[in-house]
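Chemist: Quick one: the structure is below, and I'll ask about it shortly.
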Amino acid sequence: MGTKFTKTICPYCGTGCGLIIKVEDGVAVATYPDSEHPVSRGSLCIKGWSAHEFIHHPDRLTSPLLRKGDAFQEIPWDEAIPMAAGKLRETAAKYGGDAVCGLSSAKCTNEENYLFQKLMRMAFKTNNVDHCARLCHAPTTVAMAQTLGSGAMTNSISDLAGADCILVIGSNTAESHPVIMGEIYKAIDGGATLIVVDPRKTAVVQNAKIHLPINPGTDIPLLCGMMKHIIDEGLYDKDFVKARMEGFEELNEFISAWTVEKASGECGINPELIKLVAETYAKAKESAIVYCMGITQHACGTANVLAICDLAMLCGHVGKEYSGIYPLRGQNNVQGACDMGALPNVYPGYQSVSDPAIRDKFQKAWGVELSDKPGLTVTEIIGSAGKDTRTVYIMAENPALSDPDVNHVLESLKALDFLIVHDIFLTETAKFAHLVFPGTCFAEKSGTFTNTERRFQLLRKAVDPPGNAKEDFTILCLLGSALGLDFSYNHPGEVMEEIASLTPAYGGIRFDRLERGGLQWPCPDSDHPGTQYLHKDRFTRGRGLFVIPEHTPPKELPDDDYPYYLSTGRMFAHYHTGTMTRRSPFLNREAEKAYAEINPEDAIHLDVKDGEKIKITTRRGSIITTARITKRVSKGCIFAPFHFTEARANMLTNPVLDPLSKIPEFKVCAANVKKESQDD
Amino acid sequence: MLEKTKDIAKQILEEKKAGGIFGLMRNRWNVVQPHMFEDPAELDALVLEPKWLLAKLAMSILRSSPENYKLAVVCRGCDERALIELIKRNQIEKERILTIGIACSQEQAAICLCDRPYPAKLDAGKKVSGVDPFQDERVREFLIGNDKKRMEKWATVLKRCIKCYGCRNSCPICVCEPCKLEDDIWVQRGAVPAEMITFHLIRAFHLSDTCVACGACQEACPVNIPLLYLQLSMRETLKEKYGYEAGLNPEVKSPILSVVFEEPDTDREYPAWINSLREKDGY
Amino acid sequence: MNEPRILVFACRWCGLIGADAAGKKRISLPARFRVIPVECAALVETDAILRALAGGIDGVAILGCHIGGCRYNNANQTAIKRMELLKDLLDTTGIGSNRLLFSFGTAHEDYQFEEIIKNFFDELAVLSPLDPWLAPFGVIS
Chain F
326 MGTKFTKTIC
336 PYCGTGCGLI
346 IKVEDGVAVA
356 TYPDSEHPVS
366 RGSLCIKGWS
376 AHEFIHHPDR
386 LTSPLLRKGD
396 AFQEIPWDEA
406 IPMAAGKLRE
416 TAAKYGGDAV
426 CGLSSAKCTN
436 EENYLFQKLM
446 RMAFKTNNVD
456 HCARLCHAPT
466 TVAMAQTLGS
476 GAMTNSISDL
486 AGADCILVIG
496 SNTAESHPVI
506 MGEIYKAIDG
516 GATLIVVDPR
526 KTAVVQNAKI
536 HLPINPGTDI
546 PLLCGMMKHI
556 IDEGLYDKDF
566 VKARMEGFEE
576 LNEFISAWTV
586 EKASGECGIN
596 PELIKLVAET
606 YAKAKESAIV
616 YCMGITQHAC
626 GTANVLAICD
636 LAMLCGHVGK
646 EYSGIYPLRG
656 QNNVQGACDM
666 GALPNVYPGY
676 QSVSDPAIRD
686 KFQKAWGVEL
696 SDKPGLTVTE
706 IIGSAGKDTR
716 TVYIMAENPA
726 LSDPDVNHVL
736 ESLKALDFLI
746 VHDIFLTETA
756 KFAHLVFPGT
766 CFAEKSGTFT
776 NTERRFQLLR
786 KAVDPPGNAK
796 EDFTILCLLG
806 SALGLDFSYN
816 HPGEVMEEIA
826 SLTPAYGGIR
836 FDRLERGGLQ
846 WPCPDSDHPG
856 TQYLHKDRFT
866 RGRGLFVIPE
876 HTPPKELPDD
886 DYPYYLSTGR
896 MFAHYHTGTM
906 TRRSPFLNRE
916 AEKAYAEINP
926 EDAIHLDVKD
936 GEKIKITTRR
946 GSIITTARIT
956 KRVSKGCIFA
966 PFHFTEARAN
976 MLTNPVLDPL
986 SKIPEFKVCA
996 ANVKKESQDD
Chain S
318 MLEKTKDIAK
328 QILEEKKAGG
338 IFGLMRNRWN
348 VVQPHMFEDP
358 AELDALVLEP
368 KWLLAKLAMS
378 ILRSSPENYK
388 LAVVCRGCDE
398 RALIELIKRN
408 QIEKERILTI
418 GIACSQEQAA
428 ICLCDRPYPA
438 KLDAGKKVSG
448 VDPFQDERVR
458 EFLIGNDKKR
468 MEKWATVLKR
478 CIKCYGCRNS
488 CPICVCEPCK
498 LEDDIWVQRG
508 AVPAEMITFH
518 LIRAFHLSDT
528 CVACGACQEA
538 CPVNIPLLYL
548 QLSMRETLKE
558 KYGYEAGLNP
568 EVKSPILSVV
578 FEEPDTDREY
588 PAWINSLREK
598 DGY
Chain U
4 MNEPRILVFA
14 CRWCGLIGAD
24 AAGKKRISLP
34 ARFRVIPVEC
44 AALVETDAIL
54 RALAGGIDGV
64 AILGCHIGGC
74 RYNNANQTAI
84 KRMELLKDLL
94 DTTGIGSNRL
104 LFSFGTAHED
114 YQFEEIIKNF
124 FDELAVLSPL
134 DPWLAPFGVI
144 S
């Protein structure tokens, strides 16, 4: 009987639920939840239950492809790898190593990300490596590193169930991280108060005690107003601030200008309500702040996160078992990709490339000289394509849908001398590639993912790759060897040992230690049981630092030509660019067509009925999509999920960047909406 | 109990009574998962904890195996009842399935609020007395008391639904293809929370006479909706008025489905409320 | 609450006769109800009743033939048994089984139909609405 059950980890969001894939005669046919898993405990969301559906889709890439004109031609591996190595070397020789850039993948394993950044840094003496964290939680890594010393979730997911007050800001947790929402509900059942800050009435709002529908992009005024009230009423944790913090005087002076009335004027919330929320948060014994894209994807995203950290540290709600700051990471391994140094300014473990001692350590370990100049970010790589950037190697990323101002992205991709795309399907980005490598999905490889609560988890191989596709790990080893590097690893476990030797925080991570339940870093040695929550007696940087959060309103506000607020985001049935979910029949049936949410009053004004076509235009471009009339969005606002390739919401978004973390302002721009004539 | 189960399982394989044993396996790293034991030597790794419902998995294994393949399932009371219901509904052929019945502990019965924590064919372990779910505090909050308050309570909890379909996917009885819940006409697609009345009550009613109260729905629910409680009063009515319990006897079909000429009790008086169901008799 | 809305499934052998007769006599009835003729009361799916309640209809009435009088092999007995369980489910959730009305054999005269419908309207008018199920509530905003 060819029936086998394999335990592995979900490839979708950062919750990292445990899955059991049922394989019959080499074909993955069903997915079941894992009753033993420490996070998901026998449950899954709709995407998790459908995780097997795309694995054997006929669109899977089975052979390396070479572009000939407009079509792709299959070529063997022993032609593809040398060609890629040759082209990359050619560019480096002609324009310098910095003309070669790499986009690593938050979907690939830790070992693969480590090898990717090692390859780029060693072979081309460049630090131009980045990945899609730039588009989601870059502000978190920057801001929390500044204030706390560590940019990761301070507690564990299950700690949420013990909080007494949970403040959810800018997160549609029920749709983006459903299983984490389950923990929040456990807390509510135990008597906790849920406060939600979101311009939209999402499913989370419908279950909350207090809802603050702030004006888009006014999080800092709200948080500063709250902090002022907390300081005025003396509700902040004076002992904590004295013993463990730095910079309170500067913060206090800055906050004194943010009266509750001023805050109320900016964010549009009743001052009494702001005071109530501030008091509830400060007075609760254990308070948690949960946040996601609504905070980070702004031109002041870094400052937004600073404000959150300041608020939490002010009230002493960090470094305790249930209280803390909970940034919900999006991709299944974006935490891991960041941890593994697939970032332009740090090596694995967030060790800075500019620090001579650290660079020396890596130079000795890898045996080559390394660049000391921090590299380009994703948005800068795309922006400089055809100019400073000439050849790009993209591993399992889809900028043609996920980056802002898609029209410009497509132009940039066309302007490259040579583009190598390494993916499992021929994505919209891969269509611009000169060379395509067929990789493997989560069920076809072994390795580790790190979920949002810093937990390294083991993947187990369930099925074989289709056709001639090779494991991503194997492809990187082959490419590395072709570039003259010593990438002779037999198994991802060996890579993990190397990582552990170079990174103190992951020193005790080994594959066999991860078999049951995984391990949460920091885990410095092989006896350490992993760390449930951080900053217990001291912050990672020693004392916590209060940093001033300067408010910047959104860069493009509605005006006469473009009178609507446009926001983009996720919905529960699809995942990001839809590469996998739109090829899963069950998920695709749940949400088949692209849509945009419109308020009923606006719909009447535009003479649009539910299901009719509308055209949304911004200064970047326009899309035609279906209207969904709902009270979830307020009057004058539109929300479009970005999953649908036939109506790419990112055609419309504003590529303006946050100056510190370089994240685009996905959440706010100005748009115009018109009814589209019905000739289908 | 574990040793006895292993012995029985080994015997079944050696005597070729079944091609495989379906149960839980613990590997050398103490990771437990469902496993098809086809080699008697592997049975040393068989374990019985934690509670893991195997009926639906067993059915899908049988479906994809050759016609003469027989499967033995290590099952608790609820699993066995689920298998019996599947047999009644022609989803599993009776001849192809064997059960190794194990009893649940008192603690497990209390956790599951189970009134029958042992299978009818008990092979290992000792029967413990069941628990009456209607005595439980939380159940009473949801089932008994002021109508309006109860409606709000149910609404609060059902509004959390994230439409994961976990309840339907894990329920051993939910095997319909196509499933009505996926049909646009009945349940609105693409919106969270799932439409409460249509998604949950349609599913609850479809199970009315087949639900075996295994609790798989509740366990699979990420947001802790007490889905089992929706079924309890219907199960109680079936027990009181028709003496019927789902999953006890493969020969006894549900009274709702029975052919009219074979009414279970022909002397039954039809209640006076034939005129309208407004008058509740002794409720 | 606004005037309640009622959906009536009437089996065409007994239930519909009463409805027709009431119509022919131009008996004055509250306006917000619709009659859907079905061959037999047993054909009414419980899912349809639930869908009606979810769609904003306040009450559903099912009119069938008296026991022993069903044209289709006593299918109305099956219907009664099924509805008994639906009553339980609706009571459990607090929606209340008084949103369902069954009449098996007592609506085939025009005045009977009139009485049943009028009583049903009166009953529904005092019930609290189903709103908590269909819209968010209790949020301070």
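Protein chains in written order, with our numbering: chain F, 326 to 1005; chain S, 318 to 600; chain U, 4 to 144. The C-beta atom is built at its ideal place from N, Cα and C for all residues, glycine as well. Predicted model, so just to flag it, every value in this text is computed and none were measured.
Take THR472(F) as the anchor and find which of LEU444(F), VAL643(F), GLY619(F), LEU804(F) has the nearest alpha-carbon.
Modeler: Translated into the one-based positions of the first sequence, residue 472(F) becomes position 147. Comparing Cα positions, the closest option is VAL643(F).
Chemist: At a Cβ cut of 7 Å, what residues of the stretch 334-353 of chain S count as close to chain F, listed as they run along the chain?
Modeler: GLY336, GLY337, TRP346, ASN347, VAL348, VAL349, GLN350, PRO351, HIS352, MET353
Chemist: Given this structure, state the Cα-to-Cα distance separating TYR672(F) from LYS999(F), to the nearest angstrom.
Modeler: Sequence index remark: in the first sequence, residue 672(F) carries index 347 (1-based). Sequence index remark: in the first sequence, residue 999(F) carries index 674 (1-based). Straight-line Cα distance between these residues: approximately 48 Å.
Chemist: Look at the alpha carbon of GLU646(F) and the alpha carbon of PRO336(F), and state the distance between them as a whole number of angstroms.
Modeler: One-based indexing of the first sequence puts residue 646(F) at position 321. One-based indexing of the first sequence puts residue 336(F) at position 11. When the Cα atoms are used, GLU646(F) and PRO336(F) turn out to be separated by approximately 28 Å.
Chemist: Under 8 Å between C-beta atoms, does ARG413(S) make it to chain F?
Modeler: Here the question's residue 413(S) lines up with position 96 in the second sequence. Not an interface residue.
Chemist: Mind listing, in chain order, the continuous alpha helix (DSSP H) runs of no fewer than 4 residues lying wholly within the stretch 520-550 of chain S?
Modeler: 533-537
Chemist: What are the residues that DSSP puts in a beta bridge with LEU341(S)?
Modeler: Residue mapping note: residue 341(S) aligns to position 24 of the second sequence, counting from 1. BP columns for LEU341(S) point to PRO351(S), VAL364(S).
Chemist: Using Cβ-Cβ distances below 7 Å, what residues of the stretch 499-512 of chain S are close to chain F?
Modeler: GLU499, ARG506, GLY507, VAL509, PRO510
Chemist: What first and last residue would you give for the beta strand (DSSP E) that runs through MET720(F)?
Modeler: Here residue 720(F) corresponds to residue number 395 of the first sequence, with the count starting at 1. That run of the beta strand (DSSP E) goes 716-720.
Chemist: Between GLY826(F) and GLY427(F), what straight-line distance do the alpha-carbon atoms span, to the nearest angstrom?
Modeler: On the first sequence, residue 826(F) is found 501 positions in, with the first residue counted as 1. On the first sequence, residue 427(F) is found 102 positions in, with the first residue counted as 1. Note that residue 826(F) is Ser in the sequence shown here, rather than Gly. Those two C-alpha atoms are separated by around 24 Å.
Chemist: Using 8 Å as the limit for Cβ to Cβ distance, is ASP432(S) near chain U?
Modeler: By one-based count along the second sequence, residue 432(S) stands at place 115. Chain U contact via Cβ: absent.
Chemist: For LYS373(S), which residues of its own chain have a beta-carbon under 6 Å away from its beta-carbon, when the five flanking residues on both sides are left out?
Modeler: What you label residue 373(S) is simply residue 56 of the second sequence in a count that begins at 1. Correct list, in chain order: PRO489.
Chemist: So, using beta-carbon positions, are VAL364(S) and ALA375(S) closer together than 8 Å?
Modeler: To locate residue 364(S), count along the second sequence from 1; it is residue 47. To locate residue 375(S), count along the second sequence from 1; it is residue 58. No. Outside cutoff.
Chemist: So for MET570(F), helix, strand or coil by DSSP?
Modeler: Looking up residue 570(F) in the first sequence gives position 245. Strand.
Chemist: Applying a beta-carbon distance threshold of less than 7 Å, which residues of chain U neighbour ARG380(S)?
Modeler: What you label residue 380(S) is simply residue 63 of the second sequence in a count that begins at 1. For the C-beta of ARG380(S), not a single chain U residue is nearer than 7 Å; the gap to the nearest is close to 27 Å.
Chemist: Taking the alpha carbon of ASP928(F) as the point to measure from, which residue in GLY961(F), ARG945(F), HIS899(F), GLU917(F) has its own alpha carbon closest?
Modeler: Looking up residue 928(F) in the first sequence gives position 603. Per the sequence shown, the amino acid found at residue 928(F) is Ala instead of Asp. Residue GLY961(F) is the option with its Cα nearest to ALA928(F).
Chemist: Using three-state DSSP, classify LYS534(F) as helix, strand or coil.
Modeler: Sequence index remark: in the first sequence, residue 534(F) carries index 209 (1-based). Reduced to three states, the DSSP call for LYS534(F) is coil.
Chemist: Output needed in chain order: residues of the stretch 533-545 of chain S with a Cβ under 8 Å from some Cβ in chain F.
Modeler: GLU536, ALA537, CYS538, PRO539, VAL540, ASN541
Chemist: May I ask you to list, following chain order, the residues of the stretch 377-408 of chain S that have a beta carbon less than 8 Å from some beta carbon of chain F?
Modeler: For the stretch 377-408 of chain S, which is checked against every Cβ of chain F, the residues closer than 8 Å are SER377, ILE378, SER381, SER382, TYR386.
Chemist: Return the chain-ordered list of same chain residues with a C-beta closer than 8 Å to the C-beta of GLU579(S), the five sequence neighbours on each side being excluded.
Modeler: Your numbering for residue 579(S) matches position 262 in the second sequence. With a pLDDT of 49 at GLU579(S), under the threshold of 50, the modelled position of that residue is not reliable, and no figure is offered here.
Chemist: The beta strand (DSSP E) with PRO567(S) in it runs from where to where?
Modeler: Residue numbering aside, residue 567(S) sits at position 250 when the second sequence is read from its first letter. PRO567(S) -> no beta strand (DSSP E), and no H or E assigned at all.
Chemist: Kindly indicate which three-state DSSP category PHE330(F) falls into: helix, strand or coil?
Modeler: Here residue 330(F) refers to the residue found at position 5 of the first sequence. Under the three-state reduction of DSSP output, PHE330(F) falls in the strand class.
Chemist: In three-state terms, what does DSSP make of LEU104(U)?
Modeler: What you label residue 104(U) is simply residue 101 of the third sequence in a count that begins at 1. Correct three-state label for LEU104(U): strand.
Chemist: Cβ closer than 8 Å: which chain S residues qualify as neighbours of ASP514(F)?
Modeler: Taking the first residue of the first sequence as position 1, residue 514(F) is located at position 189. Residues of chain S passing the Cβ test: ASN541.
Chemist: To the nearest angstrom, report how far apart PRO790(F) and ALA376(F) are at their CA atoms.
Modeler: Within the first sequence, residue 790(F) is the residue found at index 465, counting from 1. Within the first sequence, residue 376(F) is the residue found at index 51, counting from 1. If I take the Cα positions, the gap works out to 16 Å.
Chemist: Which residues of chain F have a Cβ atom closer than 8 Å to the Cβ of PRO367(S), listed in chain order?
Modeler: The residue labelled residue 367(S) in the question sits at position 50 within the second sequence. The answer, in chain order, is SER360, GLU361.
Chemist: If we ignore side chains and look at the alpha-carbon of each, how far apart do GLY340(S) and CYS392(S) end up?
Modeler: Start at 1 with the first residue of the second sequence, and residue 340(S) comes out as number 23. Start at 1 with the first residue of the second sequence, and residue 392(S) comes out as number 75. Distance between the alpha carbons of GLY340(S) and CYS392(S): 8 Å.
Chemist: Determine whether the Cβ of LYS167(U) lies closer than 8 Å to any Cβ atom of chain S.
Modeler: Given that chain U is displayed from residue 4 to residue 144, the structure contains no residue 167(U) and the question cannot be resolved.
Chemist: Between VAL577(S) and GLU568(S), what straight-line distance do the alpha-carbon atoms span, to the nearest angstrom?
Modeler: For the purposes of this step, residue 577(S) is taken as residue 260 along the second sequence, with counting starting at 1. For the purposes of this step, residue 568(S) is taken as residue 251 along the second sequence, with counting starting at 1. With a pLDDT of 47 at VAL577(S), under the threshold of 50, the predicted position of this residue should be treated as unreliable, though the coordinate-derived value follows. Roughly 17 Å between the two C-alpha positions.
Chemist: Skipping 5 residues on each side, what residues in its chain have a beta carbon closer than 6 Å to that of ILE60(U)?
Modeler: Numbered from 1 along the third sequence, position 57 holds the residue referred to as residue 60(U). Contacts found: ARG8, LEU10.
Chemist: Does the distance from the C-beta atom of GLY97(U) to that of ASP453(S) stay below 8 Å?
Modeler: As a position in the third sequence, residue 97(U) is number 94, starting the count at 1. As a position in the second sequence, residue 453(S) is number 136, starting the count at 1. For GLY97(U) and ASP453(S), no; Cβs fall outside 8 Å.
Chemist: If you run the structure through DSSP and keep just helix, strand and coil, what is VAL142(U)?
Modeler: Here residue 142(U) corresponds to residue number 139 of the third sequence, with the count starting at 1. Because VAL142(U) carries a pLDDT of 35, less than 50, the predicted location of this residue cannot be relied on, and the following value inherits that uncertainty. VAL142(U): coil per DSSP, three-state reduction.
Chemist: In the DSSP assignment, the alpha helix (DSSP H) including HIS747(F) goes from what residue to what residue?
Modeler: Working through the first sequence from its first residue, we reach residue 747(F) at position 422. Premise fails: HIS747(F) lies in the beta strand (DSSP E), 743-748, not in any alpha helix (DSSP H).
Chemist: Please identify the residue among SER696(F), SER388(F), MET478(F), ALA409(F) whose C-alpha is closest to the C-alpha of GLY339(F).
Modeler: Here residue 339(F) refers to the residue found at position 14 of the first sequence. Minimum Cα distance to GLY339(F) is reached at MET478(F).
Chemist: Just verifying my parser: in three-state terms, what is the DSSP assignment at GLU979(F)?
Modeler: For the purposes of this step, residue 979(F) is taken as the residue at position 654 of the first sequence. The sequence given here has Asn at residue 979(F), not Glu. Residue state, collapsed to three classes: strand.
Chemist: Please report how far the alpha carbon of LYS438(S) lies from the alpha carbon of ARG485(S), in whole angstroms.
Modeler: Along the second sequence, one-based indexing puts residue 438(S) at 121. Along the second sequence, one-based indexing puts residue 485(S) at 168. When rounded, the separation of the alpha-carbon atoms in LYS438(S) and ARG485(S) is 27 Å.
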